[in-house]
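J.: According to this note's numbering, the sequence shown holds residues 12 to 129 in order.
Handing you this structure, nothing more for now.
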Amino acid sequence: MSQLLILAAEQENPLVPPIPELVIGLIAFVIVFGFLAKKLLPNINKVLEERREAIEGGIEKAEAAQTEAQSVLEQYKAQLAEARHEAARLRQEAQEQGATLIAEMRAEGQRQREEIVA
12 MSQLLILAAE
22 QENPLVPPIP
32 ELVIGLIAFV
42 IVFGFLAKKL
52 LPNINKVLEE
62 RREAIEGGIE
72 KAEAAQTEAQ
82 SVLEQYKAQL
92 AEARHEAARL
102 RQEAQEQGAT
112 LIAEMRAEGQ
122 RQREEIVA
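The following block contains the structure:
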């Protein structure tokens, strides 16, 4: 069994890569990272900045639309109140005219009745 342990200790660990592979991998990583940082990252930042500006512009437009909608709503409410006031005035006039017309018709009916009776 001791020979087996000695043999196992002499063999390489399959989980640890050889040093030259680590160095080559590190160099390749640095090259790829440098390329991406130099070429790709500015484009990504540019797109993100454009998107942020578009979102902020959309928010500003929405706030402006909200303000305009509030203004239109207040105008609508004012017009509605004015229309209700006008309708109440017209109803009052119609009631007064109706009462006057009824009084005139009664007077006319009384006059005609007195002519017939007399």
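Yeah, the Cβ is synthetic: ideal placement off N, Cα and C, and Gly gets one too.
Cα separation between Glu74 and Lys57?
T.: Straight-line Cα distance between these residues: approximately 26 angstroms.
J.: For the alpha helix (DSSP H) containing Ala48, name the first residue and the last one.
T.: Ala48 -> no alpha helix (DSSP H), and no H or E assigned at all.
J.: Between which two residues does the alpha helix (DSSP H) holding Glu107 run?
T.: Here the alpha helix (DSSP H) through Glu107 covers Leu52 to Val128.
J.: What would DSSP say about Gln22, mapped onto helix, strand or coil?
T.: Coil at Gln22, not helix or strand.
J.: Tell me the rounded alpha-carbon separation between Gln14 and Leu26.
T.: Gln14 and Leu26: Cα-Cα distance of roughly 22 angstroms.
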